[in-house]
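Engineer: Please find one structure pasted underneath; my questions will follow.
There are 2 protein chains.
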Amino acid sequence: MSGIETRLRANADDIADTLASLLPRAEVDGVRCAEARLLDAMRYACEGGKRLRAFLAVETAILFGTDRGHALRVGAALECIHAYSLVHDDLPSMDDDDLRRGRPTTHIAFDEATAILAGDALQTMAFSILASEATHENPFIRCELVACLARASGARGMVGGQMIDIEAEQADEPLSLAATSRLQRMKTGALIEASCAMGAILGHASATNRRAVEYYARDFGLAFQIRDDLLDAIGDVAAVGKAVAKDADAGKATFVDLLGIDGAKERAALLTEQAKAHLAPLGDRAAPLRDLADHALDRKS
Amino acid sequence: MSGIETRLRANADDIADTLASLLPRAEVDGVRCAEARLLDAMRYACEGGKRLRAFLAVETAILFGTDRGHALRVGAALECIHAYSLVHDDLPSMDDDDLRRGRPTTHIAFDEATAILAGDALQTMAFSILASEATHENPFIRCELVACLARASGARGMVGGQMIDIEAEQADEPLSLAATSRLQRMKTGALIEASCAMGAILGHASATNRRAVEYYARDFGLAFQIRDDLLDAIGDVAAVGKAVAKDADAGKATFVDLLGIDGAKERAALLTEQAKAHLAPLGDRAAPLRDLADHALDRKS
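Listed in order, the protein sequences are those of chains G and P. Here the first sequence is numbered in my numbering, starting from 7 and rising by one per residue. Here the second sequence is numbered in my numbering, starting from 7 and rising by one per residue.
Here's what the structure looks like:
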């Protein structure tokens, strides 16, 4: 494994442990509580995944000298939001996906009502984690974290992006490149940018340094999405762990449709270079973020 | 109109205004944004209703000397959570209701995907409101508000209660009185109790005074739910504004099934007296909360 792969794996393991300890327990003294089915579904939805958003938050926070324990809680909150969004996006009335992270989606493994409720409770849990004193002793920082996550994940961010995506599928005309870029910035970009922003908030970063990691995250997020579209177009279902060639079939706007395969590859490479360039003022401390950008460009899943 | 009816109406109007100004706008300079459908659905879901939870928060906060503007924001956040829970509970895969507050439910007026997303974004918005400096200048207070709302509405509160309720419907045996009481405390009681708790947090209430309003809310919330079950059993659909005789038909545990109509009426009356008794230490300042309890006992909708 390369250095970045080892680092990603270690982060993913730590996030899994943090989530396992934060998620409410279905059993107390060997007795399952009445709402156990909900709690099982929440745990199921939080399993697996690359933990990319957590990695960005944790590495950014550490780069600014934050305690890793605090950073892992922020990473876990981000993964709760990401997991909830996947559970809801996969629902039959939304993208109607049966496979996610190589396993049945939550509404297939449980049922639709349980999946909706598990998503709801995971969103609540994210804010609960951030508001807790265990995340940071300074309540100003905690409030800023809550506000930042809410801005990125709400109606003008992730959820708004999903709404546009669903409507675009049903429209007669495909979205333009500009509209597709805005959609992506809301649907996936906002939370990726918030991941770095929250790391910077936790690390008391200066305004300049915070902007540096936010700009990095913006370009990285777009490159990541283009790579996602490329994998959907040319990837292999076993490696990707979810259905492929699905977005194009569904009439969704993808960067591959708009730019072609070679054009998309070029754009992703350019954005990756640009993302890394934003980190210049941070010097060697930002190496893990740079390595991540290179790694994401070549990823197969 | 009685004094309490006037007061409830004035609160409902103020909450409607507060929500109208806080909800994101679908149009900017006469142009509808791409996510406008989502924002329309959020507004639709927030219209109407008794604004009971906001009333509890606002009256409690005012009783402890809080500025009404701050209290209305907390009330609006509670109503966002309440509205989101109704939108999701009404979905086809949950309670499958077509009528709410005398109008088509959100998934009927829009569609299922939009309703799920509107509920999601309303939850986010609630936490966004609470984390904002406009709600209170002290970040400790804001964090306490976020934590209190998250505890009441998450897996061990409202969402957990809805999970138990759905599972109880599918079970062979009806729930016991103890299990039904626990379900109600989670599904509706937790948010009602949080409404008073959040008013007390905002008003820097002493631990004793906070306990007084929380105990009031607990008994009041249970009395309110029993009255709801009575209206479902004996009420009139036009007055109630949603389907009646539905919970019993669906095999849901109701207090009327468990206690009989007369037994349920007696229990609600007893709980109302008990709720008011908890307010004794607060004297005349708590008159609106006492009046609300009496009013709720006699309500026809």
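Even glycine gets a Cβ: it sits at the ideal position worked out from N, Cα and C.
Just to check my reading of the structure: G:D5 and G:L78 have Cβ atoms closer than 8 Å, yes? What is that Cβ distance to the nearest angstrom?
Structural biologist: Since the displayed chain G opens at 7 and closes at 307, residue 5 of chain G lies outside it and no answer follows.
Engineer: In or out: G:S8 buried (at least 16 other Cβ within 10 Å) or exposed?
Structural biologist: exposed
Engineer: Please list, in chain order, all residues of the same chain as P:R216 whose beta carbon is under 6 Å from its beta carbon, the five residues on each side excluded.
Structural biologist: A206
Engineer: Using three-state DSSP, classify P:R393 as helix, strand or coil.
Structural biologist: Outside the displayed span of chain P (7 to 307) sits residue 393 of chain P, for which this structure offers no information.
Engineer: So with CB distances below 9 Å, who are the chain P contacts of G:S159?
Structural biologist: D126, A127 and T130
Engineer: Got a sec? Which residues, its chain only, sit under 6 Å from P:A121 by beta carbon, not counting five neighbours each side?
Structural biologist: V93, T112 and H113
Engineer: Quick check on DSSP: helix, strand or coil for P:P110?
Structural biologist: strand
Engineer: On a CA-only basis, which of G:L97, G:G209 and G:I232 is nearest G:E143? Give me that one, please.
Structural biologist: G:G209
Engineer: Let me know the alpha helix (DSSP H) ranges lying completely inside the region 31 to 83 of chain P, each 4 residues or longer, listed in chain order.
Structural biologist: 42 to 52 and 58 to 69
Engineer: Who are the near neighbours of G:G81 in its chain, counting only those whose CB is closer than 6 Å to its CB and skipping five residues on each side?
Structural biologist: I21, A60, A63 and V64
Engineer: Have a look at P:K193 and P:M169 and give me their C-alpha separation to the nearest angstrom.
Structural biologist: Taking the Cα positions, P:K193 is about 9 Å away from P:M169.
Engineer: So, P:A213 versus P:A281, is the Cβ gap smaller than 8 Å?
Structural biologist: With respect to the 8 Å criterion, P:A213 and P:A281 are not classified as neighbours on the basis of their beta carbons.
Engineer: Please identify, using Cβ separations under 8 Å, the residues of the region 159 to 187 of chain P that lie next to chain G, in order along the chain.
Structural biologist: S159, G160, A161, R162, V165, G166, G167, Q168, M169, I170, I172, E173 and A185
Engineer: What is the residue span of the alpha helix (DSSP H) that P:N215 lies within?
Structural biologist: For P:N215, the enclosing alpha helix (DSSP H) has its first and last residue at A213 to I240.
Engineer: Spatial neighbours of P:V219 within its chain, please: C-beta separation below 6 Å, excluding the five flanking residues on both sides.
Structural biologist: T66, C202 and A206
Engineer: Confirm, please, whether the CB-CB distance from G:G227 to G:E199 is below 8 Å.
Structural biologist: In terms of Cβ geometry, G:E199 and G:G227 form a close pair [threshold 8 Å].
Engineer: For G:C52, which residues in chain P fall below 9 Å Cβ to Cβ?
Structural biologist: Per Cβ cutoff of 9 Å: no residues; G:C52 is ~12 Å from chain P at best.
Engineer: Could you check how far apart the C-beta atoms of G:R273 and G:I232 are, in whole angstroms? I think they sit under 8 Å.
Structural biologist: 6 Å
Engineer: So, helix, strand or coil for P:L105, using DSSP?
Structural biologist: strand
Engineer: For the alpha helix (DSSP H) that P:T12 lies in, which residues bound it at each end?
Structural biologist: G9 to L28
Engineer: In the DSSP assignment, find the unbroken alpha helix (DSSP H) run with G:P294 in it and report its ends.
Structural biologist: A293 to D304
Engineer: Could you check whether the Cβ of P:A156 sits closer than 8 Å to any Cβ belonging to chain G?
Structural biologist: Output row for P:A156: interface = yes.
Engineer: Report the three-state DSSP secondary structure of P:E173 (helix, strand or coil).
Structural biologist: helix
Engineer: Could you give the residue range of the alpha helix (DSSP H) that holds G:L181?
Structural biologist: No alpha helix (DSSP H) contains G:L181, which DSSP labels as neither H nor E.
Engineer: Would P:L189 and P:L181 be called neighbours here (beta carbons separated by less than 8 Å)?
Structural biologist: yes
Engineer: Would you mind working out which of P:F116, P:A283 and P:L298 sits nearest P:D96, comparing C-alpha positions?
Structural biologist: P:F116
Engineer: I'd like the span of the alpha helix (DSSP H) that includes P:R162, first residue to last.
Structural biologist: Unbroken run through P:R162: none, as it is neither H nor E.
Engineer: Helix, strand or coil for G:P98? Go by DSSP, reduced to three states.
Structural biologist: coil
Engineer: Can a CB atom of chain P be found closer than 8 Å to the CB of G:M204?
Structural biologist: no
Engineer: Please decide whether G:E41 counts as near chain P, where near means a Cβ-Cβ distance under 8 Å.
Structural biologist: yes
Engineer: Would you check if the distance between the CB atom of G:K258 and the CB atom of G:A174 is smaller than 8 Å?
Structural biologist: yes
Engineer: Just the Cα atoms here: how many angstroms apart are P:V37 and P:P30?
Structural biologist: 14 Å
Engineer: G:D126 and P:Q129: beta carbons closer than 8 Å?
Structural biologist: yes
Engineer: Determine the DSSP secondary structure at P:L136, reduced to helix, strand or coil.
Structural biologist: The three-state secondary structure of P:L136, taken from DSSP, is helix.
Engineer: Are the C-beta of P:R148 and some C-beta of chain G separated by less than 8 Å?
Structural biologist: True, the Cβ-Cβ gap to chain G drops below 8 Å.
Engineer: Can you tell which of P:D46, P:L123, P:L237 and P:Y90 has its C-alpha closest to the C-alpha of P:M1?
Structural biologist: Lying outside 7 to 307, the shown extent of chain P, residue 1 of chain P is not represented and no answer is given.
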